[in-house]
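Q: From first to last, the protein sequence lines stand for chains A and B.
Going by my numbering, the first residue of the first sequence is number -17, and it counts up by one from there.
Going by my numbering, the first residue of the second sequence is number 3, and it counts up by one from there.
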Amino acid sequence: MDRLVIIFATIGIFFSALAIVLRLSDVKARRNPADILFNVGLFAIMWYVFVYMMIITGYIQQLPNCYNKGIPLYYLIAPCFYFYVQLKLYPAKKMPRYWYLHALPFAFGLVDIMPYALATDAEKNALMQQLVENISIGFQHDYGFIDQQWHYLIRLSLAFVYLLAQWRLLFMVDTTEGDISSKLLFFLNLLTVIYSLFIVIQVSMVLSILFNRLQAAYILKDSSQLIWLSTLYLIFSIWICFGARTHRT
Amino acid sequence: MFIKLLVGLLLPYCRAAASPYHYAQVLTGIDNHHQMISSAAKDQLGMVWVVSGGLLYRYNGVNVTAFSRLYKQQLPFDEVSAVTADSWGRLWIDTRNGLFVFDTNTWSFPTQLPYVNGLIGKSVFALFNRGDAFFLADGEGTIWQIDESTKKRISGFDTRAIIDRKPLGKLLVVDNEHAWLAFGDKLYGIALHTGKKQVVPFPKGLFDHLEDLLPVDGGVLLRIYSEGYYLFDGDGFRYLPRSEFPTNDFTNWNHWSFVKDDKVIVFHEDKYFEFSRDTAFRLLDEDTHVIDEGILHKRLNGWQQGQDEWLLCTDQGVYSVFPAKIPFNFIACGSARGMVRQQDTYYFGGYGYLDSWSKTSDLQPYTAAPENNYYTFFALSNDTTCIAMEGDFLNFLVNGKVSAAPLHLPDTTQERFNGMAYCIARQSPDTLLVGTYNGIWQYALSSGIVRPLMCPTYGFFSRGMRVQSISYSGGDVTYTTDQGFFSWKPGSFRKVYPADETKLNVYAHALSGDSVYLATKGRGLVILDSKGTHSRMVNVDNGLASNTVYQLMDVSHTLFMGTHEGLSILKDNRLYNYQHTDGLPFEEFNHQAIFYDKKEDLLFMGGIGGYISFTPTELLHASPIYMDKPLLSGTRMGLKTNRYVDDYARKTLQDTIYLPSDAVWFSMDFARPNYYRQAYRMLFRIAPLMEEYQEMPVSSQINLSGISAGNYYVSVKIQAINASEAEQIHTWVIHKEPVFTETLGFYVLLILGVSGILCYILYERSRKIKDEYKLRRGISRDLHDEVGGLLTGIAMQTDLLRLKPGQILGRSVESLGSYSREAIQMMDDIIWAVDSRNNQQGNLSDRMKFLARQLLEPKNMSITFDMDQEEGKLIKQTVRQNLYLIFKEAIHNICKHSEASAVYIRLHHTGKEIKMVIQDDGKKKGMATDKLRMGRKGQGQQNMHLRATQIGATLKSGFTENGYEVVVSVPIRRYLFSGYKEFVSFFKIS
């Protein structure tokens, strides 16, 4: 099953990357703020999966500089998807005046990755070696200004809040006026469903670790759990690449 | 005469060598009350299988477990007489019910496999394990050669003889050339390569006294009770008289022998012999041993070779005899103290006579000197040694002659002089420092005057101290006592270690470079810097043999320590230990009994049994490491509801062990094979519970309890005592299955549940807002569509009033009144529609009746209402509003276009749907009129259909046999919590 997890995730990364490239190749989409936000969200998820796979397979030891860089990006996934949905449902609506407040966690993450980024190669290699042996080091190491486990907790909590707001957007939209195509609505609903599943599984894993900290390393590498995430990611990536791309408005 | 007699008595105990074989007790017995072991064998994993009282047991180095417990199923036998192990993990069990073979790999009794097929249940006369093959002589007269998977018949023998005495030794022996079987007054010799068989009758009576067979080159040796050894060399039997044997008693009580490589090893009484393993039976070496006292006198019941040792079963447990790793030269002079060498003779101190030994003469008591307590020897020159006497202060040994040292105690000495001297150091060419039971005294060699070592500041600073070692260097005196380590120089005296008031018995000290080494009782070796400010302990935790060190000496930057439990060596921060099983004849060393002969490069270390001597560098070479792989010998699992599962089978004790979700605790029993040979220590670690390895508990049992789901890595490390870098680690993965509340599914459900509640709350809030928006939009639309049109009409009529004459004016005013009333009606309808207090079905019915009567009765149309008046049934505001407006449109159509005389109106709420029917008896007329009835599609019909769509209803309209009919069906959707809402509303209504 370990192999399946890696294979699914790898294929998922490939299709995600392809989806981003295809979207960027479309001039109209490239200038559309909603599509830009969506691409950022897609890339952040892809990077997350990529780094996780590198850790699981141990290849992160060859690329220690890849580690930790994604933390700020991960904070962007939830707001990006939220505003993407909002801009699609209400094209006339503009971004909020204080939109940059939503990027504060990104900035905060950017600051927190500095200690690792400034560490020596030897320190990075040593940490990567420990990380590969015990993946729970990922939230136990000292290369950061805050306890690293807070990144998981804050990110997922924020994601949960954004997700609720995203669902509210979808619910509140008035479909009787006929301004929004049913295809777009279906796409946005499905996107939110898949993203919700991602969040639910991730929060479940975090809860599982919180209640069984001793086995954090095992839980984080438990293929019987990761297989759900990787399968979901594979389906999502393929759908985004081939299915959803054709339905964008 | 008395002295000669005494010498004669002591001589046997003064031995200058010992056999290269040692022994250790493997097992004291099944328990304290069952110590008689009749048979024992060791399998390839190191487990010892023993037979006692007709039952088979397994000893894993820690615990003895009955085979009936290890093997869960019904045993195929009741009484076991012997057990033999082959090299492939199989036990050949000779029972009263015949032969059975137990495979420890598959944990089963194979019966049909080729190597065992046909043998199960047969009687067995003899078994022999050669290592690479297993041999068996069965009760049907066949000798089988068995290997890992097959067997072959190599010869047969006559089974008709009656054997009334079965010796403890072997009746069947096999070497590479021949198999020899002694059975029924006949000796069978089978050449293995040619299959040629030789059958020779024993000389009369010889077989009846046969004790053992030993295969040798060119024949076989026969040990005969009370006679010794016979040889059969292929031609005949030949007696081998050997004068070296101390007696003619060759019973198992005092005699034991075996073949090893090209030698025949014989233990006879306390003598050890090595003979050539051939027909010449030449004596190669002779020594002494203590196996007779240690093992043979305990009544030997049988023996078997296993790996590189021999397991001997006795009435008091099982013993192992094995070759020692280091050939220590042993000087058995009894409990040892100091020693010295003068010319080529070594003199050993102790209690009683001195002992002397040289290369040219045996060890013997040195009776030229009187009996005394010779404690420590201090060489003043090559031919003069000063001896610290435990009682008589000092003696001199000059060229082998002992004399008491002259002793003059000045009258002015105020301190109490004590003649118990323990150590000596030289302060000046004429002055010795002597450590006594009462402090340090100065002894003048030239005058014999003795006085206490006084300090101008502190006086007799060592008063009352038992001084155990002393050094003098550069004006500083350092010494150890039973209270610690001290340092003195004129004007300065301090307790160096322990620096506080703690008392610590320090037996000896050695200065080397910038370090001071202390031999302590309880703290092992303590290393101090030259100032004594920093200390470091080296003790058992670091690998030292014992925390009690009696003696130490630095030889070429290597520290040799005699401890309470063996010899420890410290070289470059690496420790080497040697113990009994490594060849040490004793493990407990003595204070001050250490001497280095620089000329011969021999280090002498003395203990309770005498002295050992060796070349120091010899012990620094890595010796063969006898280490076993970590082995799990059993598991026990406690499940919920007080259920237990034991497992001992090898096939289930795999590297990954799965625990079910209801496992409450898990216990692992680790074997300690060959632990009696003191070759290794065992450590363990459980990840992620522990970060470092810990010493395995004596029980060798690791328990895991209250464990949560996940993987636990139990690593067991076997570390060679003499080479800590030589180790074997094996890791078992314990996988605990999760209970439901530990699964991802549970957490997903939990989150979905919490999210669901949150979402529902948010949904309800959002829905209200959304409904409000909708309602507002509806009202504005209705106001615009309905009232707006009427008001426009009124405005237009008003404009016309100004232009038109009187008659027309009257009609216009009438129109104005009509429009105004209609506008009021419209407003009233809209207000009624948005008022949620009218959501009960009764309100709708009443409203419909009111409207119908208002419009239809003036037209003389009879109205029939068919309505169920259940107050409790709620109709959603949107449904109610749209239904009413559809109804209103239909009634207006009847008024305007039907010319009907009767109208039928029905409104039924079944709970699953609301059905509304408006029917009139107007007749179908012309196309144009009918279009008017049906065709207000631009306005009325279209509105009706739109409204029906908005509430998810179906609307049908058209002529039937009875007239024109409009039917609206509204399905009622039951949402989650709708029951709850009805329940709440019921109470509200109540």
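In this text, a Cβ means the ideal position worked out from N, Cα and C, and glycines have one as well.
Could you work out which residues of chain B lie near A:Q197, taking near to mean beta carbons separated by less than 8 Å?
A: Along the first sequence, one-based indexing puts residue 197 of chain A at 215. In chain order: P690, S710, A711, G712, N713.
Q: Which same chain residues end up closer than 7 Å to B:P203 when comparing Cβ atoms and leaving out the 5 residues on each side of it in sequence?
A: The residue you call residue 203 of chain B lines up with position 201 of the second sequence. Close CB contacts of B:P203 within its chain, under the 7 Å cut and outside five residues either way in sequence, are with D187, K188 (chain order).
Q: Looking only at its own chain, which residues have a Cβ that is under 6 Å from the Cβ of B:S635, when we skip the five neighbours before and after it?
A: Here residue 635 of chain B refers to the residue found at position 633 of the second sequence. So the qualifying residues of the chain are N62, D671, A673.
Q: Would you please verify whether the beta carbon of B:K124 is less than 8 Å from any beta carbon of chain A?
A: Looking up residue 124 of chain B in the second sequence gives position 122. Not an interface residue.
Q: Would a check of beta-carbon distances place B:V716 closer than 8 Å to chain A?
A: Looking up residue 716 of chain B in the second sequence gives position 714. Chain A, which has no Cβ nearer than 8 Å to the Cβ of B:V716, makes this no.
Q: Closest to B:P248 by C-alpha separation, out of B:K206, B:L223, B:D294, would be which residue?
A: On the second sequence, residue 248 of chain B is found 246 positions in, with the first residue counted as 1. Comparing Cα-Cα distances from B:P248 to each of B:K206, B:L223, B:D294, the minimum goes to B:D294.
Q: Less than 8 Å between CB atoms is the rule here; does B:V836 satisfy it with respect to chain A?
A: Within the second sequence, numbered from 1, the residue matching residue 836 of chain B stands at position 834. No, B:V836 does not count as interfacial toward chain A.
Q: When the distance is taken between beta carbons, is B:V905 closer than 8 Å to B:L853?
A: The count along the second sequence starts at 1 and reaches residue 853 of chain B at position 851. The count along the second sequence starts at 1 and reaches residue 905 of chain B at position 903. Result no, Cβ atoms of B:L853 and B:V905 do not sit closer than 8 Å.
Q: Please classify B:R162 as buried or exposed, where buried requires at least 16 neighbouring CB atoms within 10 angstroms.
A: Start at 1 with the first residue of the second sequence, and residue 162 of chain B comes out as number 160. Classification for B:R162: exposed.
Q: Do we get a CB-CB distance below 8 Å when we pair A:F168 with the residues of chain B?
A: Within the first sequence, numbered from 1, the residue matching residue 168 of chain A stands at position 186. Not an interface residue.
Q: Taking Cβ to Cβ, would you say B:Y165 is nearer than 8 Å to B:A181?
A: Walking along the second sequence from the start, residue 165 of chain B turns up at place 163. Walking along the second sequence from the start, residue 181 of chain B turns up at place 179. In the sequence as presented, Tyr is not what sits at residue 165 of chain B; that position holds Ile. In this structure, B:A181 does not lie closer than 8 Å to B:I165 by Cβ.
Q: Does the beta carbon of B:Y765 sit closer than 8 Å to a beta carbon anywhere in chain A?
A: For the purposes of this step, residue 765 of chain B is taken as residue 763 along the second sequence, with counting starting at 1. Yes, contact with chain A.
Q: Kindly indicate which three-state DSSP category B:I907 falls into: helix, strand or coil?
A: Within the second sequence, numbered from 1, the residue matching residue 907 of chain B stands at position 905. Of the three classes helix, strand and coil, the one that applies to B:I907 here is strand, per DSSP.
Q: Just how far apart, CA to CA, sit B:L586 and B:F330?
A: As a position in the second sequence, residue 586 of chain B is number 584, starting the count at 1. As a position in the second sequence, residue 330 of chain B is number 328, starting the count at 1. Separation of B:L586 and B:F330 (C-alpha to C-alpha, rounded to the nearest whole angstrom) is 7 Å.
Q: Would you report the Cα separation of B:F668 and B:N549, rounded to the nearest angstrom?
A: By one-based count along the second sequence, residue 668 of chain B stands at place 666. By one-based count along the second sequence, residue 549 of chain B stands at place 547. Approximately 34 Å between the Cα atoms of the pair.
Q: Does A:N194 have its Cβ less than 8 Å from a Cβ in chain B?
A: Residue 194 of chain A sits at position 212 when you count from the first residue of the first sequence. Closer than 8 Å: yes.
Q: Exposed or buried, A:W81, counting other C-beta atoms within 10 Å across all chains shown (16 or more means buried)?
A: The residue labelled residue 81 of chain A in the question sits at position 99 within the first sequence. A:W81 should be labelled exposed.
Q: Output needed for B:Y460: all residues of its chain with C-beta closer than 6 Å, excluding positions within five of it in sequence on either side, in chain order.
A: If you number the second sequence from 1, residue 460 of chain B lands on position 458. F495.
Q: Following the continuous alpha helix (DSSP H) through A:T(-8), name the residue where it begins and the one where it ends.
A: Here residue -8 of chain A corresponds to residue number 10 of the first sequence, with the count starting at 1. Looking at the DSSP string, the run of the alpha helix (DSSP H) that includes A:T(-8) is -16 to 7.
Q: Is the beta carbon of B:V436 sitting closer than 8 Å to the one on B:L396?
A: Against the second sequence, residue 436 of chain B aligns to sequence position 434. Against the second sequence, residue 396 of chain B aligns to sequence position 394. In this structure, B:L396 lies closer than 8 Å to B:V436 by Cβ.
Q: Go through its chain and collect everything with a Cβ distance to B:I865's Cβ below 6 Å, but skip five positions before and after it.
A: Here residue 865 of chain B is taken as the residue at index 863 of the second sequence, counted from 1. Answer for B:I865: A854, L858, V905, listed in chain order.
Q: Kindly indicate the opening and closing residues of the beta strand (DSSP E) around B:S864.
A: Taking the second sequence and counting its residues from 1, one reaches residue 864 of chain B at position 862. Run containing B:S864: 864 to 869, per the beta strand (DSSP E) assignment.
Q: So with Cβ pairs under 8 Å, would you call B:H536 a contact of chain A?
A: As a first step, residue 536 of chain B must be located in the second sequence, where it is residue number 534. No, B:H536 lies away from the interface with chain A (no Cβ there is under 8 Å from its Cβ).
Q: Using the beta-carbon of each residue, which ones in chain B are nearer than 8 Å to A:R150?
A: Numbered from its first residue, the first sequence carries residue 150 of chain A at position 168. Per Cβ cutoff of 8 Å: L764, S768.
Q: Determine the contact status of B:V292 and B:E311, defining contact as a CB-CB distance below 8 Å.
A: Position 290 of the second sequence, counting from 1, holds the residue named residue 292 of chain B. Position 309 of the second sequence, counting from 1, holds the residue named residue 311 of chain B. Not closer than 8 Å, so no.
Q: How would you list, in chain order, the residues of chain B whose beta-carbon sits under 8 Å from the beta-carbon of A:L189?
A: Position 207 of the first sequence, counting from 1, holds the residue named residue 189 of chain A. Simply Y749, L752, I753.
Q: Is DSSP giving B:D543 helix, strand or coil here?
A: Position 541 of the second sequence, counted from the first residue, corresponds to residue 543 of chain B. In this structure, B:D543 counts as helix in the three-state DSSP scheme.
Q: Residue ranges of each alpha helix (DSSP H) run of no fewer than 4 residues wholly in the stretch 165 to 224 of chain A, ordered along the chain?
A: 198 to 203, 205 to 220
Q: Hey, how far is the Cα of B:I267 from the Cα of B:F159?
A: Taking the second sequence and counting its residues from 1, the one referred to as residue 267 of chain B is at position 265. Taking the second sequence and counting its residues from 1, the one referred to as residue 159 of chain B is at position 157. Straight-line Cα distance between these residues: approximately 30 Å.
Q: Can you list the beta strand (DSSP E) stretches of 3 or more residues lying completely in the stretch 429 to 467 of chain B, in chain order?
A: 433 to 438, 441 to 446, 452 to 454
Q: Taking Cβ-Cβ distances below 7 Å as the criterion, which residues of the stretch 122 to 153 of chain A are in contact with chain B?
A: Listed in sequence order: L146, W149, R150, F153.
Q: Tell me the residue span of the beta strand (DSSP E) that contains B:K172.
A: As a working mapping, residue 172 of chain B is identified with position 170 in the second sequence. No beta strand (DSSP E) contains B:K172, which DSSP labels as neither H nor E.
Q: State buried or exposed for B:I5, treating a residue as buried only when at least 16 other CB atoms are found within 10 Å of its CB.
A: The count along the second sequence starts at 1 and reaches residue 5 of chain B at position 3. Unreliable placement is indicated for B:I5, whose pLDDT of 41 sits below 50; no coordinate value is reported for it.
Q: Would you list, in sequence order, the uninterrupted beta strand (DSSP E) runs of no fewer than 3 residues that lie entirely inside the stretch 279 to 363 of chain B?
A: 285 to 290, 302 to 308, 311 to 316, 319 to 325, 331 to 333, 338 to 344, 347 to 354, 356 to 360
Q: Quick check on DSSP: helix, strand or coil for B:H180?
A: Your numbering for residue 180 of chain B matches position 178 in the second sequence. Three-state DSSP puts B:H180 in a strand.
Q: Check whether the Cβ atoms of B:L621 and B:I571 lie closer than 8 Å to each other.
A: Translated into positions along the second sequence, residue 621 of chain B becomes position 619. Translated into positions along the second sequence, residue 571 of chain B becomes position 569. Contact: yes.
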